[in-house]
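Protein sequences appear in the order of chains A and C.
Taking the working numbering, I'd label the letters of the first sequence as residues 874 to 1963.
Taking the working numbering, I'd label the letters of the second sequence as residues 237 to 614.
Backbone N, C-alpha and C fix where the C-beta goes; we use that ideal spot for every residue, glycine too.
Every value quoted in this text rests on a predicted model; they were computed, and no experiment measured them.
Below you'll find the structure, written out as structure tokens, and then a few comments.
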Amino acid sequence: MPRRSDLQCILVIGSGPIVIGQACEFDYSGTQACKVLKEEGYRVVLINSNPATIMTDPNIADATYIEPITPQFIEEVIKKERPDAILPTMGGQVALNAAVALHDQGILAAYGIELIGSSIESIHKAEDREQFMEAMQRIGMDMPRGGFVHDEAAGLAMIEHVGFPAIIRPSFTLGGTGGGIAYNMEEFGELLRAGLVASPIKRVLVEESVIGWKEYELEVMRDKADNVVIICSIENVDPMGVHTGDSVTVAPAQTLTDREYQRMRDAALKIIREIGVETGGSNIQFALNPTNGRMIVIEMNPRVSRSSALASKATGFPIAKIAAKLAVGYRLDEILNDITKKTPSCFEPSIDYVVVKFPRWDFEKFRESDTSLGVQMKSVGEAMAFGQTFKEALQKSIRSLEQGRFGFGFDRPNDVAFDRSAADGQDPLIQRLRRRTSTSMFDLYEALVGGMPTTEIHALTKYDPWFIEQCREIVDLGLQVQAGAAALRDGLEVLTSSLMRRCKQFGFSDVQLALLTSSTESKVRARRVSQGILPVYKTVDTCAAEFESETPYHYSTYADENEATPKQTRKVIILGSGPNRIGQGIEFDYCCVQGVFALREQGYEAIMINCNPETVSTDYDTTSRLYFEPLTYEDVMNIIEMEQPEGVVVTFGGQTPLKLAQRLQDAGVPLIGTSPDGIDLAEDRQRFGDLLDRLGILCPPWGTALSEEEAVAIAERIGYPVLVRPSYVLGGRAMQICYREESLRHYMQRAIAQDPTRPVLIDHFLENAVEFDVDAVSDGHQTVIGGIMQHIEEAGIHSGDSSCVLPPHSIAPQHIDTMISTTKRLAEALDVIGLINIQYAIQHDTVYVLEVNPRASRTVPFVSKATGTLLAKIATRVMIGEKLSDLQMQPFNPQMSRVAIKESVFPFTKFPKVNVFLGPEMRSTGEVMGMDSTFGRAIVKSHISAGNALPASGNVFISLSSHDKTQRAADVARGYSDLGFTPLATTGTAAFLASHAIQARPVLKHYEGRPSVIDDIANGNVHLVINTPLGENARYDEYVMGQTAMKYKVPFFTTLAAAEASLAGIRALREEEITSTSLQEHYATEHSGH
Amino acid sequence: MHRLPAILALENGITVSGTAIGAIGAEASGELVFNTAMTGYQEVLTDPSYKGQIVTFTYPHIGNYGVNEEDIESDRVQASGMVVHELSRVTSNWRASTSLQSYLEASGVAGIDGVDTRRIVRILRSEGAMRCVIAHGEGLDPRELVERARAVPDMNGLDLTPLVTTAAPYHYIPEAGGEWGYAQLAGEPKRFRVTAIDFGIKRNILRQLSAYGCDITVLPATATAADVMATEPDGIFLSNGPGDPAAVTQGIATVRELIGQRPIFGICLGHQILALAVGANTYKLTFGHRGANHPVKNLDTEAIEITSQNHGFAVDPSTLPANARVTHVNLNDQTCSGIALTDAPAFAVQYHPEASPGPHDSDYLFRQFVGMMSGVGV
């Protein structure tokens, strides 16, 4: 069955903004799908609201719609493009849900559109737990006890049958949102009620807990001719009870006999056939009772998933790419294996290494939340590592996380000095071992160092004894090195060549070995190199070396034979951005991939080093050569020394490669682009301050303090409010705005208690200033502005969290000129070659520089999509020596004919009890873009895409901090009232509004009594909330209100600016018809307009 | 813990150092091959087809789930030795009865671990399966070991079936284990009498045939056609086994006589013997097929099966006579994976529908055999 010729045009649905549970793995799958379908000659139409993706690059699809992924907007696209088919299996749950909605609303039928990849019936059968359970029963599969309930009474009846602990899963939510484990009636009641609300169909599954059982996943593919293959098996180190996205996982399965594995495989085949996924990939989860082998089916995803991205990277088998080909009619045996280029794709990859995936959590961003792990996913990213053993892969995965860990313990001075005899330290450890948290692996390390027997650890943690023992081997070797080193004058001497080799084979990093031998990383490295102990690079080839492969996809290990054969061509290494985290996500992967594209187009070999399995950058197809490795100095240097590249790019991958820049340069590595000195000049506050003084460029007055008194003195000098932050912190962590001396003192006390040696930076905070972001490219002689964005919220909210609009919509032209000329001067002063991002603030008609980043910024993809100028690509060409004048880069046109709005997306629903008010610390996970001809229309779109759809009418609840009771606030309220909204307000705010002749119905705050505003929100009587928080600490009722609004999906504005901006949107919503426009159409209009 | 060093010496002169595992101090010699299956080491090691061979497992952790009483393909370890990257020092599985290390030790089989097994595969892939020696001990002389590797008999022309076949005929008594899926028909009345010629038969073939309602008599490899017919079978099964098929002259002669008399089903060596019996040739593959992921296409149905394979020789399809046709093709290298006679009820496959280890996609072949028997003289 060859490619279908009855289809001409295919619509691919993306997954929208990055949220917890749905990250860049869908950019990877969607990009692959679009590329494949285009290669096959189809017209590819794409809809995705996320501008930070590679898939929304205008050359990936034929028509790219950065529009809300809702039936309304998809129908608009369908009307224009008339696709023959929709491929909904590449965009995660969002795309599947959209496909179901299109079907339910009759849109598919109305336009005669076929779903390919998965049918509505299959989606329902797999996703609807009730239908799934019936289907599993039909084919004789074992499932946990339990069932569905639609209300509380039925839930209480069900729990009698199921018993405790019980699992509660709301239907149709992303990443298990709203799910949980109940150990008692009270917890059960809470989770049940929350689950019924979270589920869009008000249905919750209550089921027998299989907590502690072994958990497995199989990645399965099926073609139209009913050929089925398993691509990869994955075993979770964390047993059942922890969401697989939060589990440490291993591929392939480690502790299954062939009989058990084949039984699982047989089940998977039966399941995919019964569910009826005909053309594509699915992921099926199983649980296995470790004491008797009872195997039950947990669930199935009838689409590509996070796990399939992982499986693709782990095996070299490109699941999404093949799935796309299957969807258009190919059979598995008609598709060549990409890696061997000789054998067909209808086989099951055999791997001869171990892959470990380790999640990354950013709990420190959500201080009020607890770090325990359960059925609701909380991690924001993940790192994956290859090794020839589990031990090696585990240690590499941990050091890939970039969380200050360099392996499985022995990586911090305290760990090495761990007192093994401290018996009184055992009790809390036992408590910790019982709970699954983000630090469980390190609790295991402590238990092993303390000599706890495997049976005891297993009883507490339910980790399989095999994993515990593998970890024990690491610990034993570490302790052996430590003891040996302690007996020597020069501890390093203990590392004889054979012991050194053994340590490296166990995955020990040079950093760990340095700590264990009281030496330094550079000495360990020097000794290792002199002993001739260098890593070799093996190939990920899908077939355990049975066949030759040409694809240079490598990982390091310590073994005999090196398979990487560096080419003698011109080559550049780009260092990737590692695991996703808040503040550093897909935007930086986008820049790296653009860099790769540019280099390849210019005939360079583009070599990528990265360890994030979700990304496009770790697709072997993207790069000329891929090293799937941790981004530590050691691992990166090993590759650089072998490859001897002409240049290394450290300015695209965010902080990850930047942290290495100075050391790499000191080691003689040819960094291309802006020099580390230029970067340091921008980041070192003193040097930067001096530079600004010299250039006569204004910035808010500032100072650095080591003591409380110093801080107070500085604040008095520069004036309150002040913005404070520890000098070493990136991404806005631990930033705060202090309005009064009291809170500044409090902040300083905490900061000094944490680390008295680190100075605290104190800036005068420009209150009510308007912020701007400018992105530009410089070649050392000329600087061209790529885009200017105006933040919608006032200064004080992290630029990564605030919404912004491009071009700026309310600014005097001379200020734009000032920003442009300042940007050029600063780029020149810092000797920028490549990208530069500058943040400005305008207060009282004065332009201040807040921050300069001579590197790729988070806004690069947004600007590129909004303007059509691929900044990162141009920057790359500049970095390899081309001149902007030759590249004919279009400078940003502030009078451009369209408006693009970026809006951020937050994970607050995953972290109940967390403050939802925005501040100087970044907490968003992703972004969306709304683009249209006017500001109002663009904001309507950006709000819908961010899950905050504006109401056209209804009740608006207003609660203003005393600080915000201004004429401006009154104007905003009047605006809503004029549009027909009924204002509700707290007593104080109502009085304030009355004084401005606006009638608002007073409602009680949460603590004032019932019914309160919370009840009004819960009852659906509030359609929009404007609640500006007190300057510093929001009160309890404000937290509750934020959470409630979030829960009931009521748009919630915490700033007047955002509330004001939305007025324009609501007007547009009421008065205009809002349509979809592709990037290609936007750009064509722009060009014809010139 | 001090571990005794070991050396793996290849006939091409390459020697690899590692650590002694299995029967410490013992020595192993044979043809070095590799298997790419990620599970099923116990089945592989006990598979009689591995007689005379040293198996390199490409999966780096071997022994994780130990060994148990059930997952055996014969009553002892058949492979001559084992090469692994890392032998697990811990056993973790609810069915495990002992560790792989103790199992090998008790079987007197030597192995080596700590080997860059991928390098070995790459050598075998380009130079072909080769003879080798594994030796344990301090101060071994690698050059001398290479010489000894070169003295190991070549697999070409070697009939190894006498080493693995049953000494005397026996009647197969079904064992427990029905919960494992392959025996979905267990408990069916035994409707057919099948006589299996044992060239080194895998236990799971017997389990499968039995599950499909066959009552099985097993005869030694040297059985004549008269011996077979004397058991009054409804069907004849030709088993898998080790060595060069062309050297199994008695078996070939026996099969030649049996063709047409009763339905015949052959697996692996049995497939090659059926082909040789009708006049086709076999040849040695460079490095063979050993693993659990080989795609095979059924030319009649166009369906793809993921198969378990273990063979170093193959049937040359160009030498098949007019009354035989190729029914299955290995999609990795287009080699012949199955044949059927057009003028007699006889068919055979090169791969292992009984799996163990490996996928169960080809289970239907047993049903096909039973179907053939239903069509004749019951």
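Rounded to whole angstroms, the separation of the alpha carbons of THR292 (chain C) and ARG379 (chain C) is 21 Å.
A distance below 8 Å separates the beta carbons of LEU1744 (chain A) and VAL1736 (chain A). Taking a beta-carbon distance threshold of 8 Å, GLY254 (chain C) does not count as an interface residue toward chain A. Contact of ASN300 (chain C) with chain A by beta-carbon distance below 7 Å involves GLN1127, THR1128 and TRP1339. Using a Cβ-Cβ cut-off of 8 Å, VAL1227 (chain A) is close to PRO296 and HIS297 of chain C, given in chain order.
For HIS588 (chain C) and LEU442 (chain C), the gap between their C-alpha atoms comes out near 13 Å.
Shown here, LYS953 (chain A) sits in a helix according to DSSP, grouped into three states.
Following the DSSP letters along the chain, one finds PHE1220 (chain A) in no beta strand (DSSP E), marked with neither H nor E. In summary, no residue of the stretch 1010-1037 of chain A has a CB separated from any CB of chain C by less than 7 Å. Closest option to LEU1791 (chain A), judged by alpha-carbon separation, among A:LEU1564, A:GLU1666, A:ASP1383 and A:GLN905: A:GLU1666. VAL532 (chain C) and LEU1274 (chain A) have their C-alpha atoms some 42 Å from each other. Secondary structure of VAL430 (chain C) (DSSP, three-state): strand. In this structure the stretch 1865-1876 of chain A does not lie against the stretch 1933-1947 of chain A, because fewer than three pairs of beta carbons, one per stretch, are closer than 8 Å.
The stretch 1438-1446 of chain A and the stretch 1226-1235 of chain A do not touch, with fewer than 3 CB-CB distances between them shorter than 8 Å.
Rounded to the nearest angstrom, the gap between the Cα atoms of SER1815 (chain A) and GLU1776 (chain A) is 6 Å. Within the stretch 1832-1864 of chain A, the runs of alpha helix (DSSP H) that reach at least 4 residues and sit entirely inside it are, in chain order, 1840-1851. Just measuring C-alpha positions, the residue of A:GLY1527, A:GLY894 and A:GLN905 sitting nearest THR1495 (chain A) is A:GLN905. Per DSSP, the beta-bridge partners of GLY1019 (chain A) are A:GLU1080. Assignment of ASN1828 (chain A) by DSSP, reduced to helix, strand and coil, places it in the strand class. Counting along the chain, no beta strand (DSSP E) covers MET1510 (chain A); the unbroken alpha helix (DSSP H) around it starts and ends at 1506-1516. At least 8 Å separates the beta-carbon of VAL885 (chain A) from that of ALA936 (chain A). For HIS564 (chain C), the uninterrupted beta strand (DSSP E) run begins and ends at 560-566, by DSSP. Its chain contains GLY1189, ILE1212, THR1213, PHE1420, SER1422, THR1424 and TYR1426 as the residues whose beta carbon lies nearer than 8 Å to that of ASP1414 (chain A), once the 5 sequence neighbours on both sides are disregarded; these appear in chain order. Residues of chain A with a Cβ closer than 8 Å to the Cβ of HIS507 (chain C) do not exist, since the nearest Cβ in that chain sits about 21 Å away. Look at LYS1194 (chain A) here: in three-state DSSP terms it is helix. Within chain A, ASP1131 have C-beta atoms less than 7 Å from the C-beta of GLY276 (chain C), given in sequence order. Beta-bridge analysis with DSSP links TRP1575 (chain A) to A:ASP1636. Nearest Cα to ASP463 (chain C) within the set C:TYR408, C:ALA447 and C:ILE433: C:ILE433.
Under the three-state reduction of DSSP, MET1608 (chain A) is assigned to coil, being neither helix nor strand. Boundaries of the beta strand (DSSP E) harbouring PRO241 (chain C): 241-246, taken from the DSSP string. Within 7 Å of the CB of THR1438 (chain A), no CB atom of chain C is found; the nearest one sits about 13 Å away. The DSSP assignment places 1772-1778 and 1799-1805 as complete runs of the beta strand (DSSP E) inside the stretch 1758-1827 of chain A, in order along the chain (cut-off: 3 residues). A direct Cα-Cα distance of roughly 12 Å separates ALA1197 (chain A) from LYS1097 (chain A). Only buried fits ARG354 (chain C), as 16 or more other CB atoms lie within 10 angstroms of its CB. Sixteen is the threshold: since fewer than 16 other Cβ atoms of the shown chains lie within 10 Å of the Cβ of MET1058 (chain A), the residue is exposed. Taking C-alpha positions only, ILE542 (chain C) is separated from ARG1167 (chain A) by approximately 25 Å.
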